[in-house]
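Novice:
In the UniProt record's numbering, the protein residues as written are 1 to 269.
1. Would DSSP call residue 192 helix, strand or coil?
2. Please tell me whether, using a cut-off of 7 Å, the distance from the CB of residue 212 to the nearest non-hydrogen atom of the ligand GTP is below it.
3. Can you tell me which of 183, 149, 195 and 109 puts its alpha carbon nearest to the alpha carbon of residue 129?
4. Using a Cβ-Cβ cutoff of less than 7 Å, which residues in the same chain neighbour residue 86 once the five nearest sequence positions on both sides are dropped?
5. Decide if residue 231 is buried, meaning its Cβ has at least 16 other Cβ atoms within 10 Å, or exposed.
6. Name the residue from 197, 55, 212 and 213 whose alpha carbon lies nearest to the alpha carbon of residue 113.
7. Go through its chain and collect everything with a Cβ distance to residue 24's Cβ below 7 Å, but skip five positions before and after it.
8. Can you check DSSP and say which residues form a bridge with residue 278?
9. Which term fits residue 157, buried or exposed, when burial requires 16 or more other beta carbons within 10 angstroms of its beta carbon?
10. Short check: CB of residue 169 to CB of residue 27, under 8 Å?
11. Can you tell me whether residue 82 is buried or exposed? The criterion is at least 16 other CB atoms within 10 Å of its CB, across all chains shown.
12. Could you check which residue in 172, 105 and 140 has the C-alpha nearest to that of residue 89?
13. Along the chain, where does the alpha helix (DSSP H) that runs through residue 91 open and close?
14. With DSSP run on the structure shown, which of helix, strand or coil describes residue 30?
15. Measure the Cβ-Cβ separation of residue 75 and residue 45 and say whether it is below 8 Å.
16. Inspect the CB distances between the segment 234-253 and the segment 135-146 and report whether three or more fall short of 8 Å.
17. Taking Cβ to Cβ, would you say residue 149 is nearer than 8 Å to residue 176?
18. So what's residue 2 in DSSP terms, helix, strand or just coil?
19. Near residue 188, which residues of its chain fall below 7 Å by C-beta distance, leaving aside the five closest residues on each side in sequence?
20. For residue 212, is the classification buried or exposed, using 16 other Cβ atoms within 10 angstroms of its Cβ as the cut-off for buried?
21. For residue 276, count neighbouring Cβ atoms within 10 angstroms of its own Cβ and tell me buried if that reaches 16, exposed if not.
22. Rounding to the nearest angstrom, what Cα-Cα distance links residue 16 and residue 136 in this structure?
23. When burial is assigned at 16 or more other CB atoms within 10 Å of the CB, is residue 9 buried or exposed?
24. Give the C-beta separation of residue 78 and residue 103 to the nearest angstrom, bearing in mind that I take them to be a contact with Cβ-Cβ under 8 Å.
25. In three-state DSSP terms, what is residue 43?
26. Can you have a look at residue 52 and say buried or exposed, based on whether 16 or more other CB atoms are within 10 angstroms of its CB?
27. Enumerate in chain order the residues of its own chain whose CB-to-CB distance from residue 99 is below 7 Å, with the five nearest sequence positions on each side excluded.
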């Protein structure tokens, strides 16, 4: 018998593929997209993606924080945020990256999360802290990808003799850089709330099993905070902003992904 999660997964993938090809064809032809049609199709894919996550993550024993569930959650949230950013910035082309990433995350979550050990939390406060942390992680991952794209875009724009076609699909460099700082502000705010909430509500927040993760997160927080202050007070932008963004996320990922991978995939906990 075909399960509902399988049906939801297939329908979500169909919606994602439809939205991707519709957006790509209109960007290449430079025709205006039907925002209503694109929004409905993409929204349907996100709702179905959420339904799959609801089934896989919420269990009678608690929330399942399996690695592949987290990949699916993060990729879906990234696409949702990308779609929201494109409603007020001329950056619809960014969804061309967000859609396949979300589709890949959905497939990985559905295919591989079932056989993994349930990793459950012990309190609602820990659940809130983890969800806030994941949200911050998703936004700052988007900012890092945006920074990498900006680096390549800047290099291609300087090379006037041979310019690749993908550059013509992107918004202006200024619009892309403005979006980068929108993402950084949102991610920094979420990271601030996540760290503050964890500090005041979670026992042993600086305990041995969390010490390295907390330390990396705090250092990353200082890097992002310094970049935002430098940008708005001293006009930091361009290559300096790109370097700070990538360095901040590298440290954040080192604490988050490193501890998660070691505990679950290597130690089997």
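Ideal Cβ positions, reconstructed from N, Cα and C, are used throughout, including at glycine.
Specialist: The short version:
1. Within the chain shown, the letter at position 192 stands for residue 192. The answer is helix: DSSP assigns residue 192 an H, G or I state.
2. As for the ligand GTP, it is missing from this structure, which has no ligand bound.
3. Taking the first residue of the chain shown as 1, we reach residue 129 at position 129. Closest option to residue 129, Cα to Cα, is 195.
4. Looking up residue 86 in the chain shown gives position 86. Closer than 7 Å at Cβ, skipping near neighbours: 92, 94 and 95.
5. Position 231 of the chain shown, counted from the start, is the residue given in the question as residue 231. Buried, because 16 or more other Cβ atoms sit within 10 Å of the Cβ of residue 231.
6. Reading the chain shown from its first residue, position 113 is the one you call residue 113. Minimum Cα distance to residue 113 is reached at 55.
7. Numbered from 1 along the chain shown, position 24 holds the residue referred to as residue 24. Cβ within range, chain order: 96.
8. An answer regarding residue 278 cannot be provided, because it is not within the stretch 1 to 269 covered by the chain.
9. Translated into the one-based positions of the chain shown, residue 157 becomes position 157. By the neighbour-count rule (16 or more Cβ atoms within 10 Å), residue 157 is not buried but exposed.
10. Working through the chain shown from its first residue, we reach residue 169 at position 169. Working through the chain shown from its first residue, we reach residue 27 at position 27. Yes, these two residues count as a Cβ contact at 8 Å.
11. In the chain shown, residue 82 corresponds to position 82, counting from 1. Classification for residue 82: buried.
12. Taking the first residue of the chain shown as 1, we reach residue 89 at position 89. The shortest C-alpha separation from residue 89 is found at 172.
13. Locating residue 91 in the chain shown gives position 91, where the first residue counts as 1. Residue 91 -> no alpha helix (DSSP H), and no H or E assigned at all.
14. Within the chain shown, the letter at position 30 stands for residue 30. Note: residue 30 maps to coil in three-state DSSP.
15. Locating residue 75 in the chain shown gives position 75, where the first residue counts as 1. Locating residue 45 in the chain shown gives position 45, where the first residue counts as 1. It is not a contact, given that the beta carbons lie outside the stated cut-off.
16. yes
17. On the chain shown, position 149 is the one that residue 149 refers to. On the chain shown, position 176 is the one that residue 176 refers to. Yes.
18. Numbered from 1 along the chain shown, position 2 holds the residue referred to as residue 2. Of the three classes helix, strand and coil, the one that applies to residue 2 here is coil, per DSSP.
19. Taking the chain shown and counting its residues from 1, one reaches residue 188 at position 188. So the qualifying residues of the chain are 224, 225 and 228.
20. Taking the chain shown and counting its residues from 1, one reaches residue 212 at position 212. Label assigned to residue 212: exposed.
21. Here the chain has residues from 1 to 269 only, and residue 276 is not among them.
22. The count along the chain shown starts at 1 and reaches residue 16 at position 16. The count along the chain shown starts at 1 and reaches residue 136 at position 136. For residue 16 and residue 136, the distance between alpha carbons rounds to 24 Å.
23. Taking the first residue of the chain shown as position 1, residue 9 is located at position 9. Looking at its Cβ environment, which holds 16 or more other Cβ atoms inside 10 Å, residue 9 is buried.
24. Mapped onto the chain shown, residue 78 falls at position 78. Mapped onto the chain shown, residue 103 falls at position 103. Wrong, their Cβ atoms sit about 12 Å apart, outside the cutoff.
25. Locating residue 43 in the chain shown gives position 43, where the first residue counts as 1. Three-state result, residue 43: helix.
26. As a first step, residue 52 must be located in the chain shown, where it is residue number 52. By the 10 Å Cβ count, residue 52 comes out buried.
27. Numbered from 1 along the chain shown, position 99 holds the residue referred to as residue 99. The residues are 16, 19, 20 and 79.
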